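Notes follow the structure.
Residue numbers (our numbering), protein chains in the order written: chain A, 325 to 640; chain B, 26 to 391.
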C-alpha cells in the first residue's frame with residue numbers, strides 16, 4: 325500500500341541546532357539591554373548621524389571662524405577686541421559652544437529622537453519587541469534614557485570642542501582663566517544643564533512621535549512648539565510693561581515664566597554663574613522654580629506618551 | 026486525499042488543563058462600531074498544529090494580534106500556558122515562550138539579517154553572547170539565509186523577508202509558534218519547505234498556530250482547525266472529525282427523474298446509516314455520469330454495495346457508485362457560504378449544492 329503522506333520524521337531526525345540560551349535578567353537588566361539597543365539603532369543610522377554631526381561641526385566652525393575674524397578685524401581697536409578675545413579663550417569659549425548647542429544641538433537631537441521613535445511605527449518594528457515580551461513601559465523608558473544619553477554625548481562633545489578651542493585661544497592670545505576644581509564643577513553642572521535643555525525638547529519629539537506614529541510629526545512637532553513658544557513669549561512679555569497692571573495683566577505677563585524654554589534657559593544660565601560666570605543671568609526665576617517646571621514638562625511628555633502607548637493597539 | 030487524524034485526546038474527552046496551550050473565552054474586539062472578533066472561544070492543545078481559517082476580514086489576524094498582546098481585547102479572556110494575558114508580567118513571561126510572525130514580517134530595514142535577529146534575541150531576553158550568536162547563525166542557515174546574513178533587510182525579496190520572519194520565530198526555541206499566513210510570498214519550493222518545517226516542529230512537540238487561506242495546505246499539515254466568519258467562530262475541532270460528516274457515497278444517474286426516485290426510495294427505506302442525501306452538481310471538467318445527475322448519500326463508504334443493491338432491487342440502478350469525501354476547502358466554503366466554485370489541486374471534484382438535513386460538523390463547535 326502506498327502511503328498517502330510521508331510519515332512524520334522521528335524526533336531525533338529533526339534538526340534542532342544549538343540550543344537557544346535561556347532568557348535571563350529582570351526588568352532592569354532588560355531595560356539596560358533595550359537602552360543599548362536603542363543606542364545601537366542610532367549608531368547604525370550612520371548616514372543620518374554623520375550628516376547631523378557634520379552640520380553641527382561645520383556650524384560651530386563657522387561661528388568660531390567669524391569670532392576669530394572679528395578679533396583680527398578689530399586689531400586697531402584693542403578695547404573692542406577684549407570682549408571678543410574673552411569669547412575665544414577658556415572658559416567663555418565653552419559658553420559659546422553651549423549656546424550654540426542650545427540652538428543647533430537641540431535641533432540635532434529633535435531629529436534623532438524623532439527618527440528613533442517615529443520609525444518604530446513607520447517600520448512597524450515595535451511589534452517585534454512587544455510580541456516577544458517587552459513591556460510598553462520598558463520600551464518608552466528605554467527610548468527616554470537613550471535620548472538622554474544621546475543628549476549628554478552630543479552636548480558633551482560640543483562643550484569639549486569649545487574647551488579645546490578655548491585652550492588653543494588661551495595659548496594664542498595669552499588670556500583666559502586657569503582651570504580649577506570648583507570651575508570644573510561648574511562646567512559639569514553647565515554640561516548637564518545644556519543637555520537637559522536639548523533633552524526636554526527632544527522629549528516633545530518622543531511624545532508627538534508616539535501620539536502621531538510618524539517620523540515627520542515627531543520632528544515637526546517640537547519645531548512648531550519652539551516657534552509658538554518664541555512668539556508667545558514675545559507677545560505675552562509686552563504685558564509686563566502695562567502702565568497700570570491689574571490681576572489679569574499680571575497673570576498673562578507671568579505665563580512665559582511657566583513655559584519650557586524660559587525655565588530650561590534659566591537652568592542653563594544659573595548653572596554658569598560661579599566661579600567662571602559663563603553666562604549673564606537675565607532672568608530671576610530661581611533654581612527651584614525652573615527645575616520644577618522643566619521636570620513637570622518632562623514628566624508630562626513621558627507619562628502621556630506612555631499612557632497613550634499602553635492604552636492603544638500596536639498599530640503602524 | 027490525505028487524512029489528518031487527531032493525535033491527542035480521544036474525541037469528546039476534554040483535555041487536561043495543562044495540555045491547553047491557548048484558551049480564549051468570549052474574546053471580543055471592536056474597532057468603533059465594527060466587531061472584528063465576536064465572543065471567540067478557542068482552544069489550542071499541546072502539540073497541535075492549529076489553523077485559523079476564514080475569509081479576508083474574518084478576524085484571523087486580529088485574533089493572533091490579541092494573543093500576542095499587540096491588540097487589546099475589548100472583552101474576554103486569553104490564557105496562554107495558563108497565564109492570564111491581561112496581566113502584564115504574566116503576559117511578558119508567556120510571550121518569551123512564543124515565536125511569531127504576524128502579518129508581513131517587519132524588521133529594521135537598515136540592519137542586516139543577523140543584526141535584526143540579534144534584536145529579536147535581545148527582545149526575548151536572551152543574553153548577547155556567543156551562544157546566542159551561534160543560535161542566530163543556525164536559524165539563518167535553517168531558513169537558507171546565512172549567505173545573505175550581512176545584507177541589509179531592505180535588500181531582501183519578499184520570500185527572503187518571510188524566511189527571516191520564520192527564523193525570528195524559531196530563534197528562541199519557543200514552545201509555541203504563531204504564524205500568520207506563513208506561505209505568503211514563498212515560491213513552491215519555499216511552500217514545501219514551510220510545510221516540512223511545520224511538520225518538524227510538530228514532531229518535536231512544539232505547538233503551532235497559524236492562519237492561512239491555503240486550505241489545502243491546512244489540511245496537509247494541521248490536525249485541528251477553527252473557522253471564522255465575520256469575527257465569529259463557526260466551527261472548531263479536529264480536521265478528521267469535522268470532515269467525517271462530509272463523507273458519503275455518490276450515486277450517478279442519467280436522468281433527473283432517476284435521481285429523484287432513488288432519493289425517494291432511500292428515504293422510504295429509512296436506513297439508519299444513511300440518514301440524508303442531497304443533489305449535487307458536477308463541476309465542469311470533472312467526472313459526470315451520463316445525464317449528469319448526482320445524488321450524495323451520507324452513508325459510510327463500506328455501505329456503498331448495500332446502497333447499490335437496494336436501488337437495483339427497486340429498479341433504479343445507479344450508473345456509477347463512488348466514494349465521496351469532502352475536502353477542507355469544500356467544508357470551509359460550505360460553512361462560510363462562499364461556494365463560488367473555488368477549487369484547488371487537492372480538492373475532490375464535486376461541489377456541494379445543499380445538505381438536506383444532516384449538520385455539516387459533528388464534534389466541532391458550531
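Glycine residues also receive a C-beta, built at the ideal position from the N, C-alpha and C atoms.
Given the structure is predicted, the values throughout are model-derived calculations rather than measurements.
Close-in-space but distant-in-sequence residues of the same chain around residue i (CB under 6 Å, 5 per side omitted)
i	result
residue 48(B)	68 and 104
residue 284(B)	278, 318 and 320
residue 636(A)	none
residue 364(B)	Any reading at residue 364(B) must be qualified, since the residue scores a pLDDT of 47, below 50, and its modelled position is unreliable; the value itself is stated next. For residue 364(B), where only same-chain residues beyond five positions count, the Cβ hits under 6 Å are 358.
residue 634(A)	460
residue 191(B)	168
residue 471(A)	437 and 526
residue 540(A)	none
residue 416(A)	410
residue 368(B)	Confidence is the limiting factor: at residue 368(B) the pLDDT is only 34, short of 50, which leaves the residue's position unreliable, though a coordinate-based value still follows. Nothing meets the Cβ criterion.
Residues that DSSP places opposite residue i in a beta bridge
i	result
residue 137(B)	177(B)
residue 77(B)	236(B) and 251(B)
residue 304(B)	320(B)
residue 345(B)	277(B)
residue 56(B)	59(B)
residue 262(B)	250(B)
C-beta atoms of residue i and residue j nearer than 8 Å
i	j	result
residue 418(A)	residue 490(A)	yes
residue 263(B)	residue 78(B)	no
residue 236(B)	residue 205(B)	yes
residue 561(A)	residue 479(A)	no
residue 110(B)	residue 52(B)	no
residue 497(A)	residue 436(A)	no
residue 131(B)	residue 452(A)	yes
residue 19(B)	residue 230(B)	With chain B covering only 26 through 391, there is no way to say anything about residue 19(B).
residue 628(A)	residue 531(A)	yes
residue 88(B)	residue 120(B)	no
residue 352(B)	residue 83(B)	no
residue 202(B)	residue 274(B)	no
residue 276(B)	residue 322(B)	yes
residue 533(A)	residue 542(A)	yes
residue 546(A)	residue 152(B)	no
residue 161(B)	residue 142(B)	yes
residue 185(B)	residue 75(B)	no
residue 557(A)	residue 566(A)	no
residue 267(B)	residue 454(A)	no
residue 384(A)	residue 485(A)	yes
residue 331(B)	residue 272(B)	no
residue 329(B)	residue 348(B)	yes
residue 368(A)	residue 135(B)	yes
residue 220(B)	residue 259(B)	no
residue 193(B)	residue 126(B)	yes
residue 582(A)	residue 552(A)	no
Cut-off 7 Å between Cβ atoms - residues of its own chain near residue i, not counting five sequence neighbours on either side
i	result
residue 519(A)	475, 476 and 479
residue 138(B)	165, 170, 173, 174, 176, 178 and 189
residue 45(B)	68 and 70
residue 128(B)	86 and 205
residue 622(A)	524 and 527
residue 15(B)	This structure does not reach residue 15(B), given that chain B is present from 26 up to 391, and the question cannot be answered.
Contacting residues, own chain, Cβ-Cβ under 8 Å from residue i (five flanking each side not counted)
i	result
residue 458(A)	354 and 358
residue 387(A)	420 and 424
residue 462(A)	351, 354, 355 and 358
residue 604(A)	593
residue 99(B)	53, 54 and 55
residue 405(A)	395, 398 and 399
residue 294(B)	335
C-beta neighbour in chain C for residue i, strict 8 Å
i	result
residue 397(A)	The structure shown contains no chain C; its protein chains are A and B.
*asked:* For the pair the stretch 242-260 of chain B and the stretch 208-222 of chain B, tell me if three or more CB-CB distances fall below 8 Å.
replied: Contact holds between the stretch 242-260 of chain B and the stretch 208-222 of chain B, because three or more Cβ pairs, one in each stretch, are under 8 Å apart.
task: Anything in the stretch 87-119 of chain B with a Cβ closer than 8 Å to a Cβ of chain A? List those residues in chain order, please.
output: Listed by position along the chain: 90, 93, 94, 95, 96, 97, 113, 116, 117, 118 and 119.
### Query
Taking one C-beta from the stretch 131-150 of chain B and one from the stretch 351-369 of chain A each time, how about it: are there three or more such pairs within less than 8 Å?
Enough Cβ pairs lie closer than 8 Å, so yes.
Are the stretch 445-453 of chain A and the stretch 507-514 of chain A in contact at 8 Å, needing three or more beta carbon pairs?
The stretch 445-453 of chain A vs the stretch 507-514 of chain A: no contact.
Positions along the stretch 56-89 of chain B whose CB lies within less than 8 Å of some CB in chain A
So the list is empty, because no residue satisfies the distance condition.
Checklist entry - When Cβ atoms are compared, which residues of the stretch 143-155 of chain B fall closer than 9 Å to chain A? => result Residues 143, 144, 145, 146, 147, 148, 149, 150, 151, 152, 153 and 154.
Check distances from the C-beta atoms of the stretch 535-564 of chain A to those of chain B and list, in chain order, the residues that come in under 9 Å. Going along the stretch 535-564 of chain A in chain order, one finds no residue with a Cβ nearer than 9 Å to chain B.
- Task: With 7 Å as the C-beta to C-beta threshold (strictly closer), list the residues of the stretch 276-304 of chain B near chain A in chain order.
- Result: Within the stretch 276-304 of chain B, contact with chain A at the beta-carbon level (separation under 7 Å) is assigned to no residue.
Can you pull out the residues from the stretch 561-590 of chain A whose beta carbon lies closer than 9 Å to at least one beta carbon of chain B? Cβ contacts with chain B: none found.
query: Mind listing which residues of the stretch 159-191 of chain B have their C-beta closer than 9 Å to chain A's C-betas, in chain order?
result: Contacts with chain A (Cβ-Cβ distance below 9 Å) from the stretch 159-191 of chain B involve 159, 160, 162, 163, 164, 166 and 167, listed in chain order.
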